[in-house]
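Step one of this worksheet: look at the structure below.
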Amino acid sequence: MKSFQSVLEIVNSYHELGETIAAAQFLIQEYGLDHSNFKGFELREKAKPEFILMTTEGILGEPQIIKIPENTFDFPLELMLNLLAHEMVHVSQKMKGNVVEDKNEREWQAYYEMLFHPKFPQIPELPDFHKRFFANKALEYYNRMAEGSQIRLKYALQKQEIDNLLSLLDTKMK
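Structure representation (structure tokens):
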């Protein structure tokens, strides 16, 4: 795998040429994120710094398209790689024979990936600010799961990891 700096230079070259989809496809290949259920990228409206929306779209059990903002690479590459990994988790969750039906569970798994990278350890770590934000998003989805349910029990240890991460981040801020 190329150095992060080399990857950044290549992505910036694509970006300067307006080749957002080519840059995203390069990252999927370079970071080993590709999946057999991934159909491709499509562009969506430009993102704003306070709201960057990527979505995985398609019928459950069929190949998925990831929609990314046309200005995806105006933002920090570490963040974009983590968001792409999040969406690739969704691609795998929606594959025939592997479908995760519950949206809260899908989001929980994808946010957990962004924080701890069990599937994609090659993805760079996020800055603490983003870790805090995404940890809180994960907890939102966890809290939407029925209290005392099997699904909550299934993720109890991961929830503890996220609680511990937030405590650590709080300690760092003091």
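To convert a position in the sequence shown, counted from 1, into this note's numbering, add 31.
Ideal placement from N, C-alpha and C gives every residue a C-beta, glycine not left out.
- Roughly how many angstroms separate the alpha carbons of Ala141 and Ala116, rounded to a whole number? 8 Å
- Nearest-angstrom Cα distance between Ile83 and Pro100? The alpha-carbon separation between Ile83 and Pro100 amounts to approximately 7 Å.
- Query: How about Val122 and Thr87: do their beta carbons lie closer than 9 Å?
  - Reply: yes
- Buried or exposed by the 16-neighbour rule on C-beta atoms within 10 Å, applied to Val130: exposed
- Query: Applying the criterion that 16 or more other CB atoms from any shown protein chain within 10 Å of the CB defines a buried residue, is Ile90 buried or exposed?
  - Reply: It counts as exposed.
- Item | Host beta strand (DSSP E) of Phe147 (start-end) | No beta strand (DSSP E) contains Phe147, which is instead part of the alpha helix (DSSP H) from Lys134 to Phe147.
- Exposed or buried, which one is Thr202 when buried takes at least 16 other CB atoms within 10 Å? exposed
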